[in-house]
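There are 2 protein chains.
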Amino acid sequence: MKRRDLLRLGATVSAGAAAGLLQGPLPGASRRATPVPGMTPASKASEGIRARNIIFFAYDGTGYEDLATASFFARSLGRSPLHFENLLGMGRSGLMRPESLTSVVTDSAAATTAWATGQRVVNGALSMHIDERELVPILHLAKDRGMATGLVTSTRITHATPAGWIARVPSRGMEDEIAAQYLDFEPDILMGGGAGRFQAEMRSDGRDLLGEFRQAGYEVLRTPAELAASTGDRVLGLFSEGTRHLPFEVDRVNRGVESPSLADLTFSALQRLEGAGRGFVLQVEAGRIDHANHHNDPAGMVGDWMAAEEALEVVLRHVARNPDTLLIAVPDHDTGGGVTYGIGRRYTHSTPALASLHRRQASLEWLLRDGLPRNPDPTTVAAGVEEYLGLPLASRRAEQISAVLAGERPEEWDWGHPNAQGSRNNRVGHLLSISDETPPVQRANINFATGAHTGGFVPLVLHGAGATQGNLGVIDNTELFRIMTDALGFRYENPAMDPRAAREAETSD
Amino acid sequence: MKRRDLLRLGATVSAGAAAGLLQGPLPGASRRATPVPGMTPASKASEGIRARNIIFFAYDGTGYEDLATASFFARSLGRSPLHFENLLGMGRSGLMRPESLTSVVTDSAAATTAWATGQRVVNGALSMHIDERELVPILHLAKDRGMATGLVTSTRITHATPAGWIARVPSRGMEDEIAAQYLDFEPDILMGGGAGRFQAEMRSDGRDLLGEFRQAGYEVLRTPAELAASTGDRVLGLFSEGTRHLPFEVDRVNRGVESPSLADLTFSALQRLEGAGRGFVLQVEAGRIDHANHHNDPAGMVGDWMAAEEALEVVLRHVARNPDTLLIAVPDHDTGGGVTYGIGRRYTHSTPALASLHRRQASLEWLLRDGLPRNPDPTTVAAGVEEYLGLPLASRRAEQISAVLAGERPEEWDWGHPNAQGSRNNRVGHLLSISDETPPVQRANINFATGAHTGGFVPLVLHGAGATQGNLGVIDNTELFRIMTDALGFRYENPAMDPRAAREAETSD
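Residue numbers (my numbering), protein chains in the order written: chain R, 115 to 623; chain A, 115 to 623.
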């Protein structure tokens, strides 16, 4: 029973060596000296699943604490439990380990590549290794087999999470190239935001991709009305200008920012793909939860969780009608580490404080970009925060926010939380989260640990198409590629890269 | 498809009304206007489980993000995956919703009461409603049926989580009374810390409970050697003085603080309870993860997670030998909201930074209480932090910590995170977490959102005794009481309290 040397690592494992152990493939249970009897691994994740259609429902940048906060919020709307909560008790559920090839914390590019190709790559890369070996994403494999394919997202359509399912680029920032690769690939459905990358005047190469898509037989849709009127089976839907994403749900609903909802897009995409009658693989992304969490904006987060719920309901109705459809629902990683925390003596303020989320009628992004003038003085900041977020603000905090918006960086900034990523939205979000001058029940008791992604495991569900009751346990994000190909009845092995070689290449990069 | 009023709540739901909706029983899926076909609830959680013994393995104050961080840490020890990760892919697993009767955020007293009695109470109360109606905890019901009973913990034995399984008190602070109720109840095993509440000179009533326990036939054990030598089947083991808990694992191992490990206690308790031959219910608590998280001390957290793993291994070996034993493993709630976050360009610093956890050779509590003099000057602070935590500290941060330890509260404190609960440990932990002057790979990239508990769902496992593969989904903490009584073959219904009445009583309290 004496294992006193368990933690005595200073003597035996240097931090550098430990970093080496932390990276790369898992040592696995075989490293344990004495396996425990009866501890057998879970059965094969894809066992018994056979699907004609796959809907991969991606939540960008969220996790278990958000799930609880969204569940609390949904309860106050009479919409509890969440569909996602129900799914966790059905089908096959578990946890996903969201690492990249060389980091315990993934970005969305490496994360989507793991799903789409079954291989981990370095952060920032899309379906391509750092040595520029291309991988073959699942949408290519599906199209080769005669299936229809589609991408739906609330971000701009050339953003990382959708892009990795089609495009192969060394850096997610190459969005002009991603748009061009979309045209080369010709998926049936592309719906999201960000028209700029398709317009001659905004592209570095001056190509008119909108025109080229039309020539290739696509309907190009730009408004909710056009979406509703369209009947084509090949669609490029771009519902926001330039590099903008679709609006946060809280702004679409309360600030009147015109856009189809994620549920609208999902419904429209599924109708067309179902009509094609040859099986399909569709990725739907609730993509802006991640942005709200980067901003430390809890109203943005719960709003887009509710939008995801509506889109998920559309998907669940499809699966109920088409039991040969496999739904995979999972976040790519968590972002922000936001929590609903205990406040007040015996935490009696926690529930009423959380309800103050309902006072927030705009996202932080909208407030700072559209709701306030450039460089607002403290009085204007306080008035805007009160009007749109329902949050009374003490003068000192308004002064701090005003200073941030003017680009100042006072010395006390290092009392903020780590890795705020230099975003003014995040800095303001942090200031509002810790705004403890207001009576506690007037501000939501939600705070964030970071402005960055986290390494936490995320919840995972397989539903439909024979995914009967079972625990997946903790599985790697790459495993989902194999679950999809197994479900569709084929195997494909993309080339792996050694994490040490990748790290060396990354360091010299 | 138009549900644009989803979030427009300002007009329809006041924040006050929303608070009302947030509290109390879940409205449930029946509130949804149009149920989705095919969305059937999970099968009964306790179905097919029949147990002779129950081991309830409680993690105090941890959750999914800690699980990932502990998993990363275990990997660098060659001990990955964690037993707890393996369990999540076996038996019956799911998520637990950890609310109290009147708050979305529970404390450990209400949380343990939910487990032990199947009823939610207000925070702070132990197996008693706020109107002083007593509830009957599972250990009473088990003993009435001739079973052996025991409590093992790394906190002092009169702390909330163990206490609620035996004692009924309106406030968890009544630890003299809790110790006395332990004697009245006479469980077979009591092992933990905190001898003071049993000693005449430290009790308000002057009773010599140690003597009274001996008279009642107990062996009273105070050291690891006494534990090893003891063979009795009725044991009171108190392995720390006064009100102290058992040491953090990182201090037990590296600082030589004498104590049995949690695994030692668990092994010893199980041997005795198994020997009694009449079935048993044992609660084992890894109780100090919560404290480390309250302190925002990541080394304390992962150390005690590793200690929990060793104790869990002891339990798993017992279950393998005794397949009629049901293991329930679950945290009571999450604390701190600590996350491993992305740092550096493309998060390339994240993995090496995390490895710097290995430099930490003491808990924050030990450093501040035993490793530094009272009111240390900044130079002494920096030297201590460097020596024991391996963390180079910039002079400004050392000055801030010195000021905190001297009881100062500079104005920039409100740049800290919410609800630090006034604990100096937490304030110092926060300062070290955001200590961004050090090279990023020399400090662990772990930060915390709060010094308080969170509302997040927590991972739950049932293993052994017929708990075969299946998803529990998201279940209430109270459900675990019913799973235990079903497993033991009886039913008992403790009285429920209306949450609105409880909230009124709490407000006038």
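The beta carbon of each residue, even a glycine, is placed where N, CA and C say it ideally should be.
Burial state of residue i (16 or more Cβ within 10 Å)
i               : result
D119 of chain R : Any reading at D119 of chain R needs caution, since the residue's pLDDT is 41, under 50, leaving its predicted position unreliable; the model's value is listed next. When all chains shown are included, D119 of chain R counts as exposed.
T216 of chain A : buried
S622 of chain A : exposed
S509 of chain A : exposed
S318 of chain A : exposed
P374 of chain A : buried
D66 of chain A  : Here chain A has residues from 115 to 623 only, and residue 66 of chain A is not among them.
T568 of chain R : buried
P573 of chain R : buried
P139 of chain A : Confidence at P139 of chain A is low in this model, with a pLDDT of 39, below 50, so its placement is unreliable and no value can be given for it.
Q397 of chain A : buried
A230 of chain A : buried
T269 of chain A : buried
E650 of chain R : Nothing can be reported for residue 650 of chain R: it is not among the residues displayed for chain R, which extend from 115 to 623.
P490 of chain A : buried
P609 of chain R : exposed
Cα-Cα separation between residue i and residue j, rounded to whole angstroms
i               : j               : result
V588 of chain A : P445 of chain A : 14 angstroms
G287 of chain R : R234 of chain A : 51 angstroms
I515 of chain R : T582 of chain A : 54 angstroms
A184 of chain R : M420 of chain R : 7 angstroms
V218 of chain A : N200 of chain R : 19 angstroms
A619 of chain A : V429 of chain A : 41 angstroms
T599 of chain A : I442 of chain R : 35 angstroms
A476 of chain A : A558 of chain A : 14 angstroms
L602 of chain R : K158 of chain R : 16 angstroms
Y455 of chain R : N540 of chain A : 15 angstroms
P212 of chain R : L478 of chain R : 27 angstroms
P276 of chain A : V266 of chain A : 8 angstroms
G232 of chain R : E423 of chain R : 27 angstroms
R488 of chain R : N561 of chain R : 26 angstroms
E372 of chain A : A406 of chain R : 47 angstroms
Y461 of chain R : S241 of chain A : 18 angstroms
G414 of chain R : L519 of chain R : 20 angstroms
R473 of chain R : A615 of chain R : 51 angstroms
Beta-carbon proximity of residue i to residue j, cut-off 7 angstroms
i               : j               : result
H197 of chain R : E427 of chain R : yes
A517 of chain A : A496 of chain A : no
T449 of chain R : H409 of chain R : no
L335 of chain A : G351 of chain A : yes
D629 of chain A : A330 of chain A : This structure leaves residue 629 of chain A out entirely; chain A is present only between 115 and 623.
E363 of chain R : V349 of chain R : no
G485 of chain A : R206 of chain A : no
S160 of chain A : I597 of chain A : yes
G208 of chain R : L586 of chain R : yes
A274 of chain A : Q295 of chain A : no
V453 of chain A : A182 of chain R : no
D411 of chain R : G543 of chain R : yes
F394 of chain A : A579 of chain A : no
P365 of chain A : W480 of chain A : Here residue 365 of chain A turns out to be Asp, not Pro, going by the sequence shown. Yes.
F312 of chain A : A293 of chain A : yes
G401 of chain A : D174 of chain A : yes
Chain D contact residues for residue i, given Cβ-Cβ distances below 8 angstroms
i               : result
T231 of chain R : No chain D appears in this structure, whose protein chains are R and A.
Taking 8 angstroms as the cut-off, does the segment 297-313 of chain R touch the segment 383-390 of chain R (at least 3 CB pairs, one atom from each stretch)?
yes
Quick check: the segment 218-229 of chain A against the segment 354-364 of chain A, are at least 3 beta-carbon pairs closer than 8 angstroms?
no
Short-range partners of chain A found in the segment 583-605 of chain R, where Cβ spacing is below 7 angstroms:
Q583, G584, N585, L586, G587, V588
Taking a cut of 8 angstroms between CB atoms, which residues from the segment 208-223 of chain A lie near chain R?
G208, L209, R211, S214, T216, S217, V218, V219, T220, D221
Note down, in chain order, all residues in the segment 160-189 of chain R with a beta-carbon under 9 angstroms from any beta-carbon belonging to chain A.
G177, Y178, E179, D180, L181, A182, T183, S185, F186, F187, R189
If contact is defined by three or more beta carbon pairs under 8 angstroms, each pair taking one atom from either stretch, is the segment 485-501 of chain R in contact with the segment 243-261 of chain A?
Short answer: they don't touch.
Quick one, which residues of the segment 418-438 of chain R are near chain A if we go by CB-CB under 7 angstroms, in chain order?
M420, E424, E427, L430, R431, V433, A434
Compile a chain-ordered list of the residues in the segment 457-479 of chain A whose CB is closer than 7 angstroms to at least one CB of chain R.
I457, R460, Y461, T462, S464, T465, P466, L468, A469, S470, H472, R473, Q475
Can you give me, in chain order, the residues of the segment 565-581 of chain A that have a beta carbon less than 7 angstroms from any beta carbon in chain R?
A566, H567, T568, G569, G570, F571
Under 8 angstroms (Cβ pairs) to chain A, residues found in the segment 446-457 of chain R
D448, G451, G452, V453, T454, Y455, G456, I457
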